[in-house]
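Below: one structure, written as structure tokens.
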């Protein structure tokens, strides 16, 4: 086989990134946009010794599990990998992925994985989106999303996963830039002004935030643009974010207030959170409440426990737990997030929570070794790469009665649970997948481990 060969293949399963997998004489092909049950004509794009990648050219026979996508751009845009799969089958796929990772990577023979908690309406759930700006091949000003694994913008202002207000906001910005001759940032030359627009909506309050990420210190006629944006119902916050670096990192560190507040306020359950442009906040508030309530239930709090949460962000889970615990301590590396967490604690009148600034893999061992801190319950919500080895080692030495592990990556979750359960230290009681990201291959999980000593 060689690149550009045209082949016919039956798709049998799905990979971790949502790609279809089929085999020719035992040789696996990973086919973007193909689904289990498809009979497809595919073109090879990359050929390796033990596998190949291909793109879907033509459906010869469609899978019975195919659904009509709501977005006409779903194949070009890198955002929705499995929008063409029925939602029922999306949930089955995610449950299977979690279970198989726990078996293959974690070494659990029969992992206690529960059915995925899905959504009634698996569209328009995202409270945050970051839209790049640029010019297309004809020189027209555009915004949208990057095509998969590229920095080529697929033009579009109406995303099926985002909120309806985004379209009006983006069209207002595009019109204004065209009128004023404001150039978008060009990654190749490092010139141009507007890089991204970060948009957020607080579902509980309806408040809207616009943060313009700029390659400079000011934005021309910004007061005029703010007047237009603040005609949109719910507009609460307009800021600039300065990012002059030649980098793929979207946000810089400096926030310049323009109009309104520098934050919006949202609620999960009865806890209020003030969210700034730099804050990490779960993008699906409907599913976030399910996720946090699961974490709270797994923590098994009676009001007497000391809880430590690692990678606590702006304190979303910590504050959720604090009302049922004696004391909660959160650790977070981002200074702005720690400031937000402390402000959110004060906003809710919660006084039995304390937040520490620093790397979890440094703060926790130091506090344990120097101060002798203990925890009845440990909650971890690490980034995709999972927990640092120093954190896992310290947790094993601290021996909390329960560990609640919140994860956005089944593979690193499985890896870390294998370490925590080695030599019978902890027992995996249950894993609850939560569909935080419908139409994509991503799945969040909450795992409960109990100490066996």
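Numbering (the working numbering), first residue to last: 66 to 518. Glycine included, C-beta positions come from ideal geometry on N, C-alpha and C.
Just confirm the distance between the C-beta atoms of residue 445 and residue 423, as a whole number of angstroms; I'd bet it's less than 8 Å.
Not quite, the Cβ-Cβ distance comes to about 15 Å (not below 8 Å), so this is no contact.
Pick helix, strand or coil for residue 400, following the three-state DSSP scheme.
Helix, per DSSP.
Which residue's Cα is closest to the Cα of residue 74: 124, 147, 142, 490?
Comparing Cα positions, the closest option is 124.
Name the residue from 147, 103, 321 whose alpha carbon lies nearest to the alpha carbon of residue 276.
The option with the nearest alpha carbon to residue 276 is 321.
Closest to residue 81 by C-alpha separation, out of 135, 284, 165, would be which residue?
Checking every option, the nearest Cα to that of residue 81 belongs to 165.
Using a 10 Å radius around the Cβ and a threshold of 16 neighbouring Cβ atoms, would you call residue 240 buried or exposed?
Exposed, because fewer than 16 other Cβ atoms sit within 10 Å of the Cβ of residue 240.
Per DSSP, residue 20 is paired with what?
Residue 20 lies beyond the stretch modelled for the chain, which goes from 66 to 518, so this question has no answer here.
Could you give the DSSP three-state label for residue 505: helix, strand or coil?
In this structure, residue 505 counts as coil in the three-state DSSP scheme.
Over what stretch of residues does the alpha helix (DSSP H) that includes residue 241 continue unbroken?
Looking at the DSSP string, the run of the alpha helix (DSSP H) that includes residue 241 is 230-245.
Counting only runs that start and end within the region 264-317, where is the alpha helix (DSSP H) found for 4 or more residues in a row?
Correct list: 287-294.
Go ahead and label residue 192 buried or exposed: buried means 16 or more other beta carbons lie within 10 angstroms of its beta carbon, across all protein chains shown.
Buried, because 16 or more other Cβ atoms sit within 10 Å of the Cβ of residue 192.
Check each candidate in 154, 267, 211 and name the one with the smallest Cα separation from residue 140.
Of the listed residues, the one whose Cα sits closest to residue 140 is 211.
Where does residue 216 land, buried or exposed, given buried means 16+ other C-beta within 10 angstroms?
With fewer than 16 other Cβ atoms within 10 Å, it is exposed.
Does the region 306-314 come close enough to the region 149-160 that 3 or more CB-CB pairs lie under 8 Å?
Too few Cβ pairs lie closer than 8 Å, so no.
Spatial neighbours of residue 494 within its chain, please: CB distance less than 7 Å, with the 5 preceding and 5 following residues excluded, ordered by chain position.
Here the set comprises 177, 513, 514, 515.
May I ask you to report which of helix, strand or coil DSSP gives residue 203?
Note: residue 203 maps to coil in three-state DSSP.
Is DSSP giving residue 331 helix, strand or coil here?
Residue state, collapsed to three classes: strand.
Cα-Cα, which of 427, 332, 257, 480 is closest to residue 271?
Measuring from the Cα of residue 271, the nearest candidate turns out to be 332.
Across the region 337-345 and the region 430-444, are there enough close Cβ pairs to call them in contact, namely three or more that are closer than 8 Å?
No, the region 337-345 is not in contact with the region 430-444.
Go to residue 66, then tell me how far its alpha helix (DSSP H) extends in each direction, as first and last residue.
Note, residue 66: premise wrong, no alpha helix (DSSP H); not H, not E.
Taking the DSSP output, what are the residues bridged to residue 468?
Answer is 443, 514.
Threshold first: 4 residues or longer. Then list the alpha helix (DSSP H) segments lying entirely within the region 346-384, N to C.
Correct list: 350-364.
Bridge partners of residue 525, per DSSP?
Nothing can be reported for residue 525: it is not among the residues displayed for the chain, which extend from 66 to 518.
With a Cβ-Cβ cutoff of 7 Å, do residue 259 and residue 198 count as a contact?
Yes.
Using 8 Å as the threshold, is the region 385-393 in touch with the region 412-423, meaning 3 or more CB pairs across them?
Taking 8 Å as the limit for Cβ pairs, the verdict is that the region 412-423 does touch the region 385-393.
Could you check the C-alpha separation between residue 265 and residue 359 for me, to the nearest Å?
Going from the Cα of residue 265 to the Cα of residue 359 covers about 25 Å.
Determine the closest residue to residue 473 out of 108, 380, 262, 347, with distance taken between C-alpha atoms.
With distances taken between Cα atoms, residue 473 lies closest to 347.
What does the Cβ neighbour count give for residue 288, buried or exposed, with the cut at 16 atoms within 10 Å?
Its Cβ having fewer than 16 others within 10 Å, residue 288 is exposed.
How big is the Cα-Cα spacing for residue 362 and residue 447?
The straight-line gap from Cα to Cα measures roughly 19 Å.
Taking residue 303 as the reference, which of 185, 297, 326 has the closest Cα?
For residue 303, the nearest C-alpha among the options comes from 326.
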